[in-house]
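Numbering (mature numbering (1 follows the signal peptide of the UniProt record, and there is no 0)), first residue to last: -20 to -1, 1 to 583.
Structural data, given as structure tokens:
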């Protein structure tokens, strides 16, 4: 019984002492936070003397914080004599020497650890971890590398070293580690690319990668992962021709089906490198009709040519050549549910670029009659046919098709698009009251683009009808807007310039400026589009188009005129001056990217 009582008393005493130590430790940490380092050290010293091993690190840190190097050195040596095999005390002694300025002594301690490294993978990892925790990344890396040599296995500790190189921002080390790792682990290439792109800060870093990869390719030219990484490097540098050249060389060497080239071409198209993508698709097509990618490549080739022609300044010969490409495709493969997309694109080319409205209308009427056409494609073709009916001065036929799509696909984006086109038809033809009723419903559309366009058009109608209840000036403006839609810029400009002459008291000044800016952008005359947009911002800062003009200026400077600093100014203006704009989130995102902010979660 007495023994039991003694055990209970001992346990209670021990527990009380332990709780007291915890409280004192928390107090010491608070002193440290408050900058009262001596008070903290007094507590750490007391705890260390009570239980020297448990509180050693706290005590050493306290001594180093007050630069009491001799006492710290003596304490570390004492514990090292007591526990010569415990790495912790050697690392602590090295830290003391480092902070004291005796770098050679510190390195001698650390080098001795490396020299006597045990041939045990776990012990090696443990020692490296202790160096990392002591904020000595360089020696943590040295330990892992020496461990590889000692264990004769250069595949060990890959992820640990990648993490350390990344933490240290050692780009050369990270590159070499990935180049060692990827050949046997190609599934990690996307992770490698994401890590490298997050760390790289400019062309010099990509040049470093290219040099390292080229050295590897010289040693092992059959290793495809190196070519993939080199191709990716060229893409990041926007050296698209070299990216394709590398991929083509590997494809020819392997005599494959061109799948890698086809995939690369899709990336090139998304980066608007259309000329290079066309060269790639032509290579895939050249492998023969019996290859599985022949038809997809043929289709994508024409689509890319379409993008090339319509995204830049083009000649009539360019348009005629593209029309022939589509016609040849339909001749080769027929007009089926699989080629309806080509019929639709050819019809839009004929209607809006070549102004062959009758040919376009006939082609789309044929397209919507093809059996087994997919529902979304059918709806899209009907909407485009409605547009062509409108341009052909058949508004009743147009509205019938728009309403068919709207009712046939309820609660979908394409239904809202149909409703919007029908509202615009009413606006073009001067039925402003009906148009505004439809637009007010669409202001709550799930598509932000449609909601924004509906809001702007609704405000355009209401603002100008308040100033002119007859709506005559607005009708004239709507006709000009229809000419812009039909890509008839000369007629549009003539009509816009006539509004002020015929109706000198109109309220359409900022609207006319925006319309002229849109025409110039449609004509790819981006430099001249700046002036009317700036005039809107300067002369009409609180009117309908002000925030749109500011955002468009930012977009033009960023993506068309390559003036990032000016783009930043206008994106920031949206953020500061137009907080209620629908462009606010996109402007904020673009501004942060241009400013060079790191993505959230990047280290």
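Cβ atoms here follow ideal geometry from the backbone N, Cα and C, with glycine treated the same way.
- Per the coordinates, the alpha-carbon of residue 564 lies some 24 Å from the alpha-carbon of residue 441.
- Under the three-state reduction of DSSP output, residue 537 falls in the helix class.
- A straight-line Cα-Cα distance of about 32 Å links residue 139 and residue 233.
- By the neighbour-count criterion, in which 16 or more other beta carbons inside 10 Å mark a residue as buried, residue 187 falls on the exposed side.
- Within the same chain, 453 come within 6 Å of residue 483 by CB-CB distance, once the 5 residues on both sides are set aside.
- Straight-line spacing of the CA atoms in residue 122 and residue 81 works out to 21 Å.
- With respect to residue 427, residue 396 sits close: the two C-beta atoms are nearer than 8 Å.
- Taking the CA atoms as reference points, residue 464 sits about 14 Å from residue 455.
- The criterion of a C-beta distance shorter than 8 Å is satisfied by residue 333 and residue 467.
- For residue 376, the three-state secondary structure derived from DSSP is helix.
- Beta-carbon to beta-carbon, residue 382 and residue 405 are separated by about 7 Å, close enough to satisfy the 8 Å threshold.
- The way I'd put it, the stretch 343 to 355 doesn't touch the stretch 301 to 308; fewer than three beta-carbon pairs between them come closer than 8 Å.
- Using a Cβ distance threshold of 8 Å, residue 366 and residue 401 count as a contacting pair.
- The Cβ neighbour count for residue 93, taken over all protein chains shown within 10 Å, is at least 16; the residue is labelled buried.
- Pairing residue 491 with residue 328, the inter-Cα distance amounts to about 27 Å.
- In the three-state reduction of the DSSP assignment, residue 524 falls in the coil class, being assigned neither a helical nor a strand state.
- Check the Cα spacing between residue 524 and each of 561, 545 and 547: the tightest is with 561.
- Within the same chain, and ignoring the five residues on either side of residue 41 in sequence, no residue has its Cβ closer than 6 Å to its Cβ.
- Distance between residue 341 and residue 368, taken at the CA atoms: about 6 Å.
- When rounded, the separation of the alpha-carbon atoms in residue 289 and residue 360 is 22 Å.
- The C-alpha of residue 422 is placed about 30 Å away from the C-alpha of residue 250.
- Taking residue 432 as reference, the option from 528, 447, 350 and 127 with the minimal CA-CA separation is 528.
- The beta carbon of residue 543 sits closer than 6 Å to the beta carbons of 537 from its chain, once the five residues preceding and following it are set aside; these are given in chain order.
- Residue 241 and residue 261 have their alpha carbons spaced roughly 8 Å apart.
- Remark: C-beta atoms of residue 548 and residue 568 do not approach each other more closely than 8 Å.
- In the structure shown, residue 390 falls within a coil segment according to DSSP collapsed to helix, strand and coil.
- Residues 497, 500 and 501 of the same chain have their beta carbon placed closer than 6 Å to that of residue 509, with the five preceding and five following residues left out of the count.
- When the five nearest sequence neighbours on each side are left out, the beta carbons in the same chain lying within less than 6 Å of the beta carbon of residue 108 are those of 120, 123 and 124, in order along the chain.
- In this structure residue 488 is buried. Its beta-carbon is surrounded by 16 or more other beta-carbon atoms within 10 angstroms.
- Contact between residue 546 and residue 571 does not hold, since their C-beta atoms are separated by about 12 Å, which reaches or exceeds 8 Å.
- In the same chain as residue 317, and ignoring 5 residues on each side of it, the C-beta atoms closer than 6 Å to its own belong to 350, 352 and 353, in chain order.
- Just so you know, the alpha carbons of residue 145 and residue 154 end up roughly 5 Å apart.
- If you ignore the 5 residues before and after residue 224, its C-beta comes within less than 6 Å of the C-beta of 256 and 260, all in its own chain and listed in chain order.
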